[in-house]
Structures are given as C-alpha cells and as structure tokens.
Amino acid sequence: MDFLFATILKIALVMGLVLLAVAYLTWLERKVIADIQVRYGPSRVGRFGLLQPIADGIKLMFKEDIVPANADRLIFLLAPVISIIPALIVFAVIPFGPSFVITDVNVGLLYVFAVTSLGVYGIVLAGWGSNSKYALLGGLRSSAQMVSYELSLGLSVIGVVMMAGSLSLVDIVEAQKGSWYGILPRWNVIPQFLGFVIFLVSSTAELNRAPFDLPEAETELVAGFHTEYSSMKFAMFFMAEYANMIGASAMATTLFLGGWQGPLLPPVIWFLLKVFCFLFLFVWLRATVPRFRYDQLMGFGWKVLLPLALVNLMLTAAALLIVS
Amino acid sequence: MEWVLFLIFALVAAGAGVGMVLQRSPIYSALCLILALFAQAGLYVLLGAELIAFVHIFVYAGAIMVLFLFVIMLLDLRPEDRSPVRSNPVGVSVGLILAGLLLAELALGVGPHIALGPRGAYDFETVRAVGNTQAVGRILFREYLIPFELTSVILLAAMVGAMVLAKRKLE
Amino acid sequence: MVPLWAYLFLSAFLFAVGVVGVATRRNALVIFMSIELMLNAVNLSFVAFARFLHSLDGQVFVFFVMTVAAAEVAVGLAIIIAIFRNAETVNVDEVHLLKG
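Encoded structure:
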C-alpha cells in the first residue's frame, strides 16, 4: 500500500512539474526570441509577463471548438489525445535524482524510444482527419521525416548503451559517475561526442522544431497538421510539442550529460539545470537557423546523419574492444 | 490479477483484429491493427518478455504501421462503397471454414491436454535475476550468431528491392 | 497463473481472423495487414511457449520474425505503390494483367 501511495505521489509530482514547465516554457521561448530580435516580448500580464501562460491557457479554454464539416470526427478528436499521451508518459522512467525515479525498468531506454515513436501518429492522424490539403501535406511530411530521423536517433544512443552495458536509465546514469584525471567529469558527452551531436540534431528533427519544422511550416502550409484545430484541441498539440521538448532535453541530459551527477549542488538541481540548458539551446536554434528545404532534410538525414551514426558505432565498438 | 490483465489484453486484441477485417476504411483497419499490436505487447509483458514487448512496439507501431498509414495517405484510399464482408460471400465462407477448422483442430488436438517437452534452463526467476535483455542478448549472440548476421543480408536486400521498385523509372 | 492453452487459443483465434481477412478483403493493403496479424499471432505462440518451456529460443525466434516482417513490409508496400502507379487501384481483383 505504501509503495502504491509513494508511486502515485511521485507521478502527481512529476506530472504537475512537467505541465507547469510546459506552460512556462512558452513564456521562456517568447521572451528569449524577443530578446534575440530586440523586442520586449510578453510584458503586460503580470510582472515581466509572468502570468501570460495562465492568461493564454484561459483564453484557449474558452475559444470556440470548431470541427471542419467534412472531417473524420473520430480521428479528428483522437489525434490530439494520441499526441499528448506519449509526450507525458516518457517521464515514467527518467531518473531525476539518485532515488527519484517513478519506475526503473530493465528496458528503460527502449521504452522511451517505443513511446516517443508513437507521437508521430498524433500528427499523421491530425493531417488525415482534418480533410484539408495543408494538413494532409503536413502529416505526410512529418511521417516521412520522423521515421527517417528515428533511425539515426536510435543508432546514436547505441554507443551509450554499449558503454553502460545496460538499457536501464538508472544504470546509464550510474555508469557516468566519477571523473577522469580528477577534473573531467565521466560524462558520455566526451567519449561519445559524435553520438551526442547526432542525438541532438535528430531529436530536434523528431520534435519538429526549427530548423526541421516542415510539418507545420507556416510560410507554405499555413500551420501544417494543426491548421484546422482550435481551442483546447490546439492547446493539446501545443502542450505535446513542449512536453516532448522537455522529454528530449531530459533524455539528452540522462544519456550524455551524466543525469543528476554533479558536485556541490543537490542532484535534482543539477538535473534541472542541465535540462534547462538544452531547452535554451532549442529556443536559440529556432531564433537563429532558417528552415530546411524538404529534399535537403531527407538528404541530410539519410546521407549524412545515418552514416555518421554508423561510423560512431564502429569506433565505439573498436575502442571498447581495445580497452578491454 | 494476471487473469484480469490477460482477459483485458486478449479481448482488446481479438476485438481489434476482428474490427480490422470488418472496417470499410483502410485507415480504420490500420488503427485497429495498431490497437491489436498494443494489446499483444501487453501480453508479452505478462509473459515476462519485456524486451520483445518493447521491440515489438518500436518496430510494429513505431515503424511498420507508420509506413502503412503513409502509403494509405499517399494513395488517398477512401472507404470502400460496400461492406467488404457482404460483397464477397465465397471468400467469407472459405475463410470462416478455414478458421473454424483451425480452431477445432487446436481445441481437439492440443487444447488443455497439451503435453510440453523437456524444460530449458531459463525459468521465470532465472531470467528475472539475469535481466530479460541480458539473457536474450546472450543467446542471440552466442547460439544464434549466424542467423542474426543473415538477417542483416535480408534487410539489405529488402532495402535495395524497395528502392528499385518504388523508383519511377530505371535509367 | 494463466495457462498455456489460453494463450494458444488467443493466438489461433488471431491467426484465423487473419486468414478470414486475406480470404475476404480485396484491398491489397488490408490483405497485407491481415498477413501481419497472422505473423503476430504466431509470435504470440512463440513467446508463450518460451515462457512455459523455460527457454528463450522462442523469444529469439520472434526477434527474427520481426526482422523478416519489416523487410517484407518495405518490399510489399513498394510493390503496392508500383501497382497503383500502373493500374490506379489497389483492388487485387482488378489487377489481372501481366503487362503494365
């Protein structure tokens, strides 16, 4: 009974934190991009516009909920739900601190990949169900893009798995304990730098964030897969995107930056700090880099990232053989 | 508890499987199949095969069914006009007879009286102690190394084949 | 503990549904999905037997079946697209010419 209670408490805490972070991530993004473009960003609602996410949430809830006349109603309703659930249940296996993980699964990493690979259904079904050509094009693009980049994403972390000898995220963090020569932390980002870069680029593509935001390219597809969505259904897509962003940052932290490991500060703080750095990087990227063309996107994924990931895999295997 | 979970997963898998055959719209068929595959992953976890369960979701739901949806959307396949089962009485009767035979064979031939051969070394507790992933990995890379390498040849052949077939014209 | 025959029965049922699907449907994609369902029904028996025979060979076999299924889907879907390009249909009854 105690176990059940503790687990439910943990789930509630993590979900609350993630949803709050999602809300304030939108604020952060608007502020940072505004700063980069020498504007003020949200500043009217509350001090520094800090109440803006709450105002946005209330506004979205009270907006009219429109379903297009010839839409496939069931699929149209299902799509936002399908896209937000995988985004949230990823956090079940992510270790926030030494003993602060909802559940440590033997196949944790595989679980994360299995779950995040489902996010594409939300987008594809939204594109199909809306019965609109922009949405359909966005859906088609995203299904091709996400399947292509999932390959290099999956291959980029195999080096980490080989070094830790386990698929459990807790074990992977534990394997990054200590330091080399007393100064360099034993984080995977140093021996697996190539893998880290590939992971970062492919997860940006998986998140449909700029410069890979072709499924919702506003200058050519209106808003891509969520063109026809309004009100809370639109908000769910929005929340899913930001929750996915936090999930990807947390995964990058866990796999390559030693998770909660770090000196002086308490572990959870270290973890959140590293996650924040990644989130900032994603926002920064969006403000800086222009969008890829579709053929460039496919060519880059298949002809550059995938071979590089294979090279990384071979080098890691060879290095491990020599060391042992 | 195990029975409850088994019944839930089994009913969902069976229902979704039947739904897949009965749906007029190919996209709904695909969705039903995805649901059935999920229920099956649940059954794998019940059977203590976590690795297979998640690989199953990753490969089937994450890649194969996305390809199906992609092709359905690309070819823009709208629902068929007539109920697929009613428009094809011969096929239905042949299919049902085959299915009935198969089920009857199982019920009569093996059924509850099934006799299992000699047991292997990997009972539930041993695998739990070593870890499912580690245990399967060890067998895969020791006893089944050559078949494992051969699958890569199959995948390569499939990759080349798919590209040649899907290309508009061979120059 | 759920007995082996329960899993086998479910597996046989799913396989039978797949057979009915292949026999009744005329849409090539749905036929293909039915074949996937049959493959998965067999996989379920493999895993169930692996559990009850205390052996992991069944799970390894499932692994191989999945690989072959993935290869099959890639080629199969490419063929369906090629047929659609020539015949403008995916109905297997209307595809009866040997020349494109």
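Listed in order, the protein sequences are those of chains A, B and C.
Heads up: the first sequence is residues 26 to 349, going by the numbering used here.
Heads up: the second sequence is residues 71 to 241, going by the numbering used here.
Heads up: the third sequence is residues 98 to 197, going by the numbering used here.
Every residue, glycine too, gets a C-beta built ideally from N, C-alpha and C.
Note that the structure is predicted; figures quoted are calculated from it, not measured.
Just the chain A side, please: which residues come within less than 8 Å of residue i by C-beta, in chain order?
| i | result |
| --- | --- |
| Leu-145 of chain B | The contacting residues do not exist; Leu-145 of chain B stays about 11 Å from chain A at best. |
| Ala-133 of chain B | Ser-142, Val-172, Glu-175 |
Where does residue i fall in DSSP's three states?
| i | result |
| --- | --- |
| Ser-228 of chain A | helix |
| Pro-292 of chain A | helix |
| Asn-233 of chain A | coil |
| Asn-202 of chain B | helix |
| Gln-110 of chain B | helix |
| Gln-208 of chain B | Before going on, a small fix: residue 208 of chain B reads as Arg here, not Gln. Note: Arg-208 of chain B maps to helix in three-state DSSP. |
| Pro-149 of chain B | coil |
| Tyr-65 of chain A | coil |
| Glu-266 of chain A | helix |
| His-126 of chain B | helix |
| Tyr-192 of chain B | coil |
| Leu-136 of chain C | helix |
| Val-119 of chain C | helix |
| Glu-175 of chain A | helix |
| Asn-95 of chain A | coil |
| Val-121 of chain A | Here residue 121 of chain A turns out to be Phe, not Val, going by the sequence shown. Coil at Phe-121 of chain A, not helix or strand. |
| Phe-317 of chain A | coil |
| Ala-119 of chain B | coil |
| Lys-88 of chain A | coil |
| Val-82 of chain B | helix |
| Pro-78 of chain A | helix |
| Arg-94 of chain B | coil |
| Gly-272 of chain A | helix |
| His-251 of chain A | helix |
| Leu-137 of chain B | helix |
| Ala-112 of chain A | helix |
| Pro-332 of chain A | helix |
| Ala-169 of chain B | helix |
At a CB-CB cut-off below 9 Å, which residues of chain A make contact with residue i?
| i | result |
| --- | --- |
| Glu-120 of chain B | Val-130, Asn-131, Val-132, Leu-135, Tyr-136 |
| Leu-75 of chain B | Within chain A, no residue comes near Leu-75 of chain B; the closest Cβ sits about 16 Å away, beyond 9 Å. |
By the criterion of Cβ-Cβ separation under 9 Å, what are the contact partners of residue i in chain C?
| i | result |
| --- | --- |
| Gly-190 of chain B | Ala-147, Leu-150, His-151, Ser-152, Leu-153, Asp-154 |
Examine chain B for any beta-carbon lying closer than 7 Å to the beta-carbon of residue i, and answer yes or no.
| i | result |
| --- | --- |
| Ala-139 of chain A | yes |
| Val-149 of chain A | yes |
| Trp-295 of chain A | no |
| Trp-153 of chain A | yes |
| Val-145 of chain A | yes |
| Ala-184 of chain C | no |
| Ile-180 of chain C | no |
| Leu-322 of chain A | no |
| Leu-165 of chain A | yes |
| Val-162 of chain C | no |
| Val-189 of chain C | no |
| Val-157 of chain C | yes |
Can you list the residues of chain B that residue i reaches, using a CB-CB cut of under 9 Å?
| i | result |
| --- | --- |
| Glu-133 of chain C | Leu-103, Leu-107, Tyr-130, Ile-134, Met-135, Phe-138 |
| Ser-168 of chain A | Val-136, Leu-137, Leu-139, Phe-140, Met-143 |
| Leu-161 of chain A | Met-143, Asp-146 |
Identify every residue that forms a DSSP beta bridge with residue i.
| i | result |
| --- | --- |
| Leu-209 of chain A | A:Trp-205 |
| Asn-156 of chain A | In the DSSP output, where bridge partners are listed per residue, Asn-156 of chain A has none listed. |
| Asn-188 of chain C | C:Asn-124 |
Whose Cβ in chain C lies nearer than 8 Å to the Cβ of residue i?
| i | result |
| --- | --- |
| Leu-168 of chain B | Ala-113, Val-116, Val-117, Ala-120 |
| Val-82 of chain B | Neighbours of Val-82 of chain B on chain C: none; closest Cβ ~11 Å, over 8 Å. |
| Met-90 of chain B | Val-114, Gly-118, Val-127, Met-130, Ser-131, Leu-134 |
Name the chain B residues whose beta carbon is nearer than 7 Å to that of residue i?
| i | result |
| --- | --- |
| Val-106 of chain A | Those do not exist, as Val-106 of chain A stays about 13 Å from chain B at its closest Cβ, beyond 7 Å. |
| Val-127 of chain C | Pro-96, Ser-99 |
| Val-144 of chain C | Tyr-114, Leu-117, Ala-119, Ile-122 |
Consider the Cβ of residue i: report whether some Cβ of chain C lies at a distance smaller than 7 Å.
| i | result |
| --- | --- |
| Pro-96 of chain B | yes |
| Leu-215 of chain B | no |
| Glu-195 of chain B | no |
| Gly-85 of chain B | no |
| Gln-110 of chain B | yes |
| Ile-78 of chain B | no |
| Ala-174 of chain B | no |
What does residue i reach in chain A if we use C-beta pairs closer than 7 Å?
| i | result |
| --- | --- |
| Ile-127 of chain B | Ala-139 |
| Gly-201 of chain B | Asn-131 |
Using 8 Å for Cβ pairs, my map puts residue i next to residue j. What's the rounded Cβ distance?
| i | j | result |
| --- | --- | --- |
| Met-90 of chain B | Leu-141 of chain C | No, Met-90 of chain B and Leu-141 of chain C are not in contact; Cβ-Cβ is about 16 Å, not under 8 Å. |
| Leu-165 of chain A | Phe-140 of chain B | 7 Å |
| Phe-110 of chain C | Ala-84 of chain B | 6 Å |
| Ala-232 of chain B | Ala-171 of chain C | 4 Å |
| Arg-122 of chain C | Ser-131 of chain C | 7 Å |
| Ile-197 of chain A | Thr-279 of chain A | 7 Å |
Can you pull the chain B residues whose beta carbon is under 8 Å from the beta carbon of residue i, in chain order?
| i | result |
| --- | --- |
| Val-165 of chain C | Thr-221, Ile-224 |
| Val-172 of chain C | Ala-228, Gly-231, Ala-232, Leu-235 |
| Val-99 of chain C | Glu-72, Trp-73, Phe-76, Leu-116 |
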